[in-house]
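Take a look at the structure below.
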Amino acid sequence: MKILPAGCAEHGEPQHRDFFTATHHGPTAFRARSAVPRVRNFRNAAATLRSAALTATCAALLLLAGCTETRFESPLGDNIESCDVRWKGLWLAQDVEARERGEGAFVVDDECRFQMLDQTEPGTPFKLIHVPLNFVHDGGNDYLVVSDVQLKGLVTLPAPHAVSPTPEKSFFFARYRLRGERLEVHDVDSERIAKLILDAKVEGTIAKSATELHVYVRGNRAQMLEIVRTLPIFADKATVFVRSEQSVEAYQKSLLARQRKEKP
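Just so you know, the sequence shown maps onto residues 1188 to 1451 in my numbering.
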């Protein structure tokens, strides 16, 4: 399944090539210049983290880096876990239309492996795509952390825009909340954190054009934790998933039967 964010060109070049880049390195130092980053053909990473629990468009929690994205220089603190047992089970997008299309579904198995259910086209069986997720619990809040290195082979991500030297890795964050059989995932609000950079509250780089916004937040692990503790960087609206009592096999069987019946 290929996902292109709205406003992105499909064959490798941005539709608008005029970028304004602002970099904040301290309380008063800003640099602005014109940038023309090359945009390669890639899936929407903010959408992968959403399907990995990150948008319900192609699987939400790890579906991450499209026309609008925020990446972080460091992960969230030192206490990072590879499993949250509360995630175990089959999860479906709350959005009825997405669910009818077979989008936004994922499963966390008994070994705590997160796997997206990817259907290349209606009427075909799912492919299970493993996405490595990391979890951070801090101050009563729960977060997802995904490295772009962990996404290699799953999505094609360009290097962070307008960042020199190019970092070896960068990270995507999301905040989540489990309410019984309901999972709410909040992506980073890129517009909001870009304003925090311009207001000198966060150190980082902004690359913006008419159709794209790429934000890179600088800092060490402790500073990343301080940012999520004290600043409102996550979107107000959540992508919502509901836990299903079905097995993956039963869900696939019912979905395929419906899709094949509806096929003209």
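We treat Cβ as the ideally placed atom computed from N, Cα and C, and that holds for glycine.
Going by DSSP, name the residue or residues bridged to residue i.
{"i": "S1334", "result": "F1358"}
{"i": "R1258", "result": "Y1403"}
{"i": "G1276", "result": "V1295"}
{"i": "H1317", "result": "Q1302"}
{"i": "E1268", "result": "F1322"}
{"i": "L1365", "result": "L1370"}
{"i": "V1350", "result": "Answer is none; V1350 lacks a bridge partner."}
{"i": "D1329", "result": "H1324, Y1363"}
Would residue i be called buried (16 or more neighbouring beta carbons within 10 Å of its own) or exposed?
{"i": "V1272", "result": "exposed"}
{"i": "G1367", "result": "exposed"}
{"i": "E1290", "result": "buried"}
{"i": "A1437", "result": "exposed"}
{"i": "K1395", "result": "buried"}
{"i": "D1297", "result": "exposed"}
{"i": "E1390", "result": "buried"}
{"i": "T1343", "result": "exposed"}
{"i": "V1318", "result": "buried"}
From what residue to what residue does the alpha helix (DSSP H) around residue i run?
{"i": "R1413", "result": "Per the sequence shown, residue 1413 should be read as Glu rather than Arg. Per DSSP, E1413 belongs to the alpha helix (DSSP H) from 1408-1417."}
{"i": "E1436", "result": "1435-1449"}
{"i": "L1383", "result": "1377-1385"}
{"i": "V1372", "result": "Here V1372 belongs to no alpha helix (DSSP H); instead the beta strand (DSSP E) covers 1369-1374."}
{"i": "V1283", "result": "1283-1287"}
Please report the straight-line C-alpha distance between residue i and residue j, rounded to a whole angstrom.
{"i": "R1300", "j": "Q1337", "result": "14 Å"}
{"i": "A1409", "j": "E1260", "result": "11 Å"}
{"i": "L1412", "j": "W1278", "result": "28 Å"}
{"i": "L1370", "j": "A1444", "result": "27 Å"}
{"i": "A1397", "j": "T1255", "result": "11 Å"}
{"i": "R1447", "j": "G1310", "result": "6 Å"}
{"i": "K1275", "j": "T1392", "result": "37 Å"}
{"i": "N1228", "j": "R1416", "result": "With a pLDDT of 33 at N1228, under the threshold of 50, the modelled position of this residue cannot be trusted, and the question is left open."}
{"i": "L1442", "j": "L1418", "result": "41 Å"}
{"i": "A1292", "j": "F1360", "result": "20 Å"}
{"i": "L1304", "j": "K1356", "result": "26 Å"}
{"i": "D1329", "j": "E1308", "result": "34 Å"}
{"i": "T1426", "j": "V1372", "result": "5 Å"}
{"i": "S1269", "j": "R1364", "result": "17 Å"}
{"i": "S1334", "j": "A1381", "result": "20 Å"}
{"i": "I1414", "j": "K1440", "result": "44 Å"}
At which residues does the beta strand (DSSP E) containing residue i begin and terminate?
{"i": "R1430", "result": "1426-1431"}
Given 8 Å, three or more beta-carbon pairs between the region 1426-1439 and the region 1380-1400: Touching, no.
Touching or not, the region 1261-1281 and the region 1322-1333, by the rule of three or more beta carbon pairs under 8 Å? yes
Are the region 1393-1412 and the region 1362-1382 touching, with three or more C-beta to C-beta distances below 8 Å? yes
Could you tell me whether the region 1302-1315 touches the region 1343-1356, using the rule of 3 or more Cβ pairs below 8 Å? no
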